[in-house]
Amino acid sequence: MATQSAPITLKFPSYITAITERARDSASPDMEYLHWVALSLKKEPTTYTITKIVDRLSFTGGGVKRVYRATMHLAALDVTASVVLKIAIGRRYARDLKKEAQVYMKKLTSLLGCRVPFCYGVWSGETYDGQTAVMVLQDAGDPLRRAIAQQPVLFRQRILKHLLAVHRAGVSFGQFGEDNVVVCNTEGELYPTLIGFGNADTSHKCPYAGDIAVYSRMPEDPLPCPELWDVALMAEAYHPCTVDYFGEKVSLDNVRSSEDVVKIGKRPDGIPEDVALAYAERVVGEFIDWRKARLEMDKQPVRLR
1 MATQSAPITL KFPSYITAIT ERARDSASPD MEYLHWVALS LKKEPTTYTI TKIVDRLSFT
61 GGGVKRVYRA TMHLAALDVT ASVVLKIAIG RRYARDLKKE AQVYMKKLTS LLGCRVPFCY
121 GVWSGETYDG QTAVMVLQDA GDPLRRAIAQ QPVLFRQRIL KHLLAVHRAG VSFGQFGEDN
181 VVVCNTEGEL YPTLIGFGNA DTSHKCPYAG DIAVYSRMPE DPLPCPELWD VALMAEAYHP
241 CTVDYFGEKV SLDNVRSSED VVKIGKRPDG IPEDVALAYA ERVVGEFIDW RKARLEMDKQ
301 PVRLR
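Once you know that position 98 of the sequence shown is 98 in full-length UniProt numbering, the rest is easy, because the numbers rise by one and skip nothing.
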C-alpha cells in the first residue's frame, strides 16, 4: 500500500520575498503571512511558522537569491527550531532551488541531520515579484572561511567521510570547497556539515570504493574519482612519501639525510656533486618544513576564520 502524503503549510512573512527588502525582522500580530502548502511523507498535516528573521546570510543577484537564518515554530511538536531559509525569486531560480531541495529529500535522505542539514521541505508560489520558492533547512552552523587544510586531523577526517558518504549516495558537488562546509558547536565540539547542492550531479556513480584516511601514504596514482582526489589533496589528507629530486621521485622510506637522497636519486650528467647535495638539502628541507607546519596546524583547534 502506498504511503499517503499529508499537506504541510509554511507560514512566513511576505516581506522577506520582496526584491526591495524592508527593515522589519520579526513577526507580529499585524504581519502579513503567506500560506503555502506542500506535500510531505508525514502522516499528519502540520504547519511550520517562521517567527523571526534572525540574520541575513546571503543576498545575491540583486536580491533574487538570498539566504536567511530564522526561527520556525513546528506546530505538531510545539517547538521552535533555528532554521535556514533559501529563497529564490524568478521562474529560473525557483526551479533551480526546487531541484536542489530534491537532492536533499530524495538522494540524501539517509544523511540528513548528520552529514548534511535536515531539509524540512520546499514551497513555491506566486508573489508580487513573480514565481518564488522557499527551501527550509536545519541551521547547521556558520560558514567555514579558513582553508580545510589548516584544520586539525579529526575535523578534516569528518569532512572527507561526509564527502565519501555523499558520493556513495550517488551525488557529487562538481566543485567542492570551503563554501560547502558549515560548522556548528555540538557539546563543545565544532562539527562540520556539508551544504550547497545547487550544481550537484545526482547521477554520479563513484568509481572509488575505498576510504580516505588522514595521514595515510600518498597513493602512487590519483584516485579514480577526480572530485575525491582533488578534495583529498586540498585537505592534505595524504602524507608525502617521496621528494622530487631533479624530476625523479625519491622514496623517503630509506632517507635519513640529504646524502641519502643523492645516493638514491640519479644526478643528471653535468651537475656537480656539491650542487646536487645543495639541491637535495633544499628538497628535504622543504619536506621537513611542511611536516613541521602540518603538525603545528593539527595541534590547533578548529578555526572558522
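Where a beta carbon is used, it is the ideal one built from N, C-alpha and C, also for glycine.
A quick note: this is a predicted structure, and the numbers were derived from the prediction, not measured.
query: For residue 176, which option in 184, 144, 188 has the closest C-alpha, if you only look at C-alpha atoms?
result: Nearest Cα to residue 176 within the set 184, 144, 188: 144.
- prompt: Taking Cβ positions, are residue 206 and residue 168 nearer each other than 8 Å?
  reply: yes
query: Measuring CB to CB, does residue 228 end up less than 8 Å from residue 163?
result: yes
message: Would you call the stretch 254–261 in contact with the stretch 192–209, where contact means no fewer than 3 C-beta pairs closer than 8 Å?
response: no
message: Looking at the secondary structure, which residues open and close the alpha helix (DSSP H) in which residue 92 lies?
response: Here the alpha helix (DSSP H) through residue 92 covers 91–102.
- prompt: With distances taken between CB atoms, is the gap from residue 243 to residue 202 smaller than 8 Å?
  reply: no
Sequence-distant residues of its chain with Cβ nearer than 8 Å to residue 30 (five each side left out): Legend: pLDDT at residue 30 = 47, less than 50; position of this residue unreliable, no value from coordinates given.
Spatial neighbours of residue 249 in its chain, beta-carbon cut-off 6 Å, leaving aside the 5 residues before and after: 242
message: Just to confirm, is the Cβ distance from residue 85 to residue 104 under 8 Å?
response: no
query: Opposite residue 135 in the DSSP bridges: which residues?
result: 86, 122
message: Which of the three DSSP states is assigned to residue 130 in this structure?
response: Correct three-state label for residue 130: strand.
task: Decide yes or no for the touch test of the stretch 72–81 against the stretch 121–135: beta carbon pairs closer than 8 Å, at least 3 of them.
output: no
task: At 4 residues or longer, and completely inside the stretch 138–201: list those alpha helix (DSSP H) runs for me, N to C.
output: 153–168
- prompt: Helix, strand or coil: how does DSSP classify residue 248 here?
  reply: strand
query: Who are the Cβ neighbours of residue 281 in its own chain at under 8 Å, not counting the five residues just before and after it?
result: Same-chain partners within the cutoff: 258.
- prompt: What separation, rounded to the nearest whole angstrom, lies between the Cα atoms of residue 161 and residue 293?
  reply: 24 Å
message: At the level of alpha carbons, what is the spacing between residue 211 and residue 178?
response: Approximately 21 Å, taken between the alpha carbons.
- prompt: Where does residue 35 land, buried or exposed, given buried means 16+ other C-beta within 10 angstroms?
  reply: Taking all protein chains shown into account, residue 35 has fewer than 16 neighbouring C-beta atoms within 10 Å of its C-beta and is therefore exposed.
field: C-beta contact flag for residue 121 and residue 288 at 8 Å
entry: no
task: Mind reading off the beta-carbon distance from residue 302 to residue 223? Whole number of angstroms is fine, and I expect it under 8 Å.
output: Not quite, the Cβ-Cβ distance comes to about 25 Å (not below 8 Å), so this is no contact.
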